[in-house]
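In what follows, a single structure is set out as structure tokens and then discussed.
Number of protein chains: 2
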Amino acid sequence: MIRAAVELFVERGFEQTTAGDIAERAGVTERTFFRHFADKREVLFDGSKTMERTAYDAILAAPADLSPLDAALAGVVAGGSLLEGRRDHAIRRSKIIAANPSLQERELLKLAAMADTAAEALRTRGVAEPAASLAAHSAVTVFQVGFAHWLSAEVPAEEPQDVATCIAQAAAALRALT
Amino acid sequence: MIRAAVELFVERGFEQTTAGDIAERAGVTERTFFRHFADKREVLFDGSKTMERTAYDAILAAPADLSPLDAALAGVVAGGSLLEGRRDHAIRRSKIIAANPSLQERELLKLAAMADTAAEALRTRGVAEPAASLAAHSAVTVFQVGFAHWLSAEVPAEEPQDVATCIAQAAAALRALT
DNA sequence: ACGGGTATGTCAGTTACTGACATCAACCGT
DNA sequence: ACGGTTGATGTCAGTAACTGACATACCCGT
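Those protein sequence lines, which keep their order, are chains W and H. For what it's worth, our numbering labels the leading residue of the first sequence as 3, then goes sequentially. For what it's worth, our numbering labels the leading residue of the second sequence as 3, then goes sequentially.
Put into structure tokens, the structure is as follows:
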């Protein structure tokens, strides 16, 4: 169904395709669609829980001597690495989202959820508030900036950037801020 | 209408009140409600554009020798100061939002919009990307954390905290991160 | 063969929102 | 005073996102 949905969103746009359209192309009923996805938007955010858990685990697994910010960054790098090799799909998806405010809202909610569980992971590492929240949200901001750069990067021939590198560059820019 | 809406949201909750309910209590038609507010959620985010512009102006008006992060922080402090003296209303509002994911999405969108225009202001100050985005989003994160603390602070008798102080504390915590 | 669990179809209902059109009052220039 | 314009509102019909209730089919272990 995800494939069917993305196809239709690319063809006619998100608002112009109804849940019934997606269901029809996928060969099921509209009701069935809503049993698999809480709402029409959710179909574009399938992997988010996986990414969230990956980041959480990576933060807990990070070396104990890492600073809170570095641990959080390790988390978002691990999460972002899940998208490695799926750049074209990520680009299509991000174009769909960029064209629709309600999808941007959902994306922000997912990112906020990731930041919240990252903060939770930091807290179990012994980081106190508000440092945990601040480090987690900063790391997610770095993720957003690095990820956007990864998507927009020209890849002419020789230098295929990977997600981790882009995030590391954004992290360096954040540190330069102080 | 805003007053009518907040009343009903407190009485029965957000989902349990229909747009028609709000309109009725306000003495207008449902159609009229939707002419004033783009959707039912928007009724809780009336002041956001004002706050956004205030932050933007404050960033442009900040001393030229301020660092990007400090300029952005000056912006969110100016924006947050608009809420000074309306703490009880802010608390009621934030409880309503906390109880409803779709309202959280909208709030995140507004905060992201504020971060984006703050980044724009930094750019006209000559700050390059990605520093502008990173500083702006970091400042908004600091705003969130400081604002939450302002809302939750116990105010027994002697020490009424103001918004700017809470944000400054959160900013200090962010700097301590590096 | 049977009973239970899980995925799906069917159908009716609610609600958020939108477009088209009518109404009405305030206001403006002559 | 009068006709015209403008802006806010009411009315009504329609679309589409969901939801709950119920029926049906399939699959699996006994």
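For each residue, glycine too, the CB sits at the ideal point set by N, CA and C.
Q) With 9 Å set as the bound, which would you pick, yes or no: does the beta-carbon of residue 96 of chain H sit closer than that to a beta-carbon of chain W? A) no
Q: List the residues of chain H that residue 65 of chain W touches, going by C-beta distances under 7 Å, in chain order.
A: By Cβ distance, chain H contributes nothing, its closest Cβ being about 17 Å from residue 65 of chain W, past 7 Å.
Q | For residue 154 of chain W and residue 90 of chain W, the rounded distance between their alpha carbons | A | 11 Å
Q: Quick one: list the residues of chain W neighbouring residue 108 of chain H, beta-carbon separation under 9 Å, in chain order.
A: 107
Q: Can you give me the start and stop residues for the alpha helix (DSSP H) that residue 116 of chain W sits inside?
A: 103–126
Q.
I believe residue 40 of chain H touches residue 138 of chain H by the beta-carbon criterion, under 8 Å. Please report the beta-carbon distance rounded to the nearest angstrom.
A. Between residue 138 of chain H and residue 40 of chain H the Cβ distance is about 25 Å, and since that is not below 8 Å, they are no contact.
(Q) Can you look up residue 53 of chain W in the DSSP assignment and give me helix, strand or coil? (A) helix
Q | Environment of residue 18 of chain H [buried if 16+ CB atoms lie within 10 Å] | A | exposed
Q.
Which of the three DSSP states is assigned to residue 69 of chain H in this structure?
A. coil
Q. Is residue 17 of chain W helix, strand or coil when you go by DSSP?
A. coil
Q: Go ahead and label residue 2 of chain H buried or exposed: buried means 16 or more other beta carbons lie within 10 angstroms of its beta carbon, across all protein chains shown.
A: In the structure displayed, chain H extends from 3 to 180; residue 2 of chain H sits before or after that span and is not available.
Q.
When you compare the stretch 92–111 of chain W with the stretch 107–117 of chain H, are there three or more beta-carbon pairs, one atom per stretch, that lie closer than 8 Å?
A. yes
Q | DSSP-derived helix/strand/coil call for residue 44 of chain H | A | helix
Q | Contact residues within the stretch 131–142 of chain H, judged by C-beta distance below 7 Å to chain W | A | 132, 133, 135, 136, 137, 139, 140
**Q.** Stretch pair the stretch 70–87 of chain H + the stretch 38–56 of chain H: three plus CB contacts closer than 8 Å
**A.** yes
Q | Secondary structure of residue 11 of chain H, DSSP reduced to three states | A | helix
Q) From residue 34 of chain H to residue 25 of chain H, what does the alpha carbon distance come to, in whole angstroms? A) 8 Å
**Q.** Anticipated Cβ contact below 8 Å, residue 45 of chain W with residue 100 of chain W, distance rounded
**A.** That belief does not hold up - the Cβ atoms of residue 45 of chain W and residue 100 of chain W are roughly 17 Å apart, past 8 Å.
**Q.** Of the listed residues W/120, W/62, W/29, nearest to residue 143 of chain W (C-alpha basis)
**A.** W/120
**Q.** chain H within 9 Å of residue 12 of chain W, Cβ atoms only
**A.** no
Q: Report buried or exposed for residue 95 of chain H, applying the criterion of at least 16 other Cβ atoms within 10 angstroms of its Cβ.
A: buried
Q) How about residue 132 of chain W and residue 175 of chain H: are their beta carbons less than 9 Å apart? A) yes
**Q.** Under 9 Å between C-beta atoms of residue 126 of chain H and residue 62 of chain H
**A.** yes
(Q) On the criterion of 16 or more Cβ atoms from any shown chain inside 10 Å, does residue 77 of chain H qualify as buried, or is it exposed? (A) buried
Q: Output the distance between the C-alpha atoms of residue 169 of chain H and residue 148 of chain H, rounded to the nearest integer angstrom.
A: 4 Å
Q) Count the other CB atoms within 10 Å of the CB of residue 65 of chain W; is the residue buried (16 or more) or exposed (fewer)? A) exposed
Q. In three-state terms, what does DSSP make of residue 5 of chain W?
A. helix
Q) Going along chain H in order, which residues have a C-beta closer than 7 Å to the C-beta of residue 78 of chain W? A) Those within 7 Å of residue 78 of chain W in chain H number zero; the least Cβ separation is about 14 Å.
(Q) Assuming contact is defined by CB atoms lying nearer than 9 Å, are residue 13 of chain W and residue 21 of chain W in contact in what I supplied? (A) no
Q: Have a look at residue 29 of chain H and residue 37 of chain H and give me their C-alpha separation to the nearest angstrom.
A: 14 Å
Q. Given a threshold of 16 other Cβ atoms within 10 Å of its Cβ, counted over all protein chains shown, does residue 130 of chain W qualify as buried or as exposed?
A. exposed
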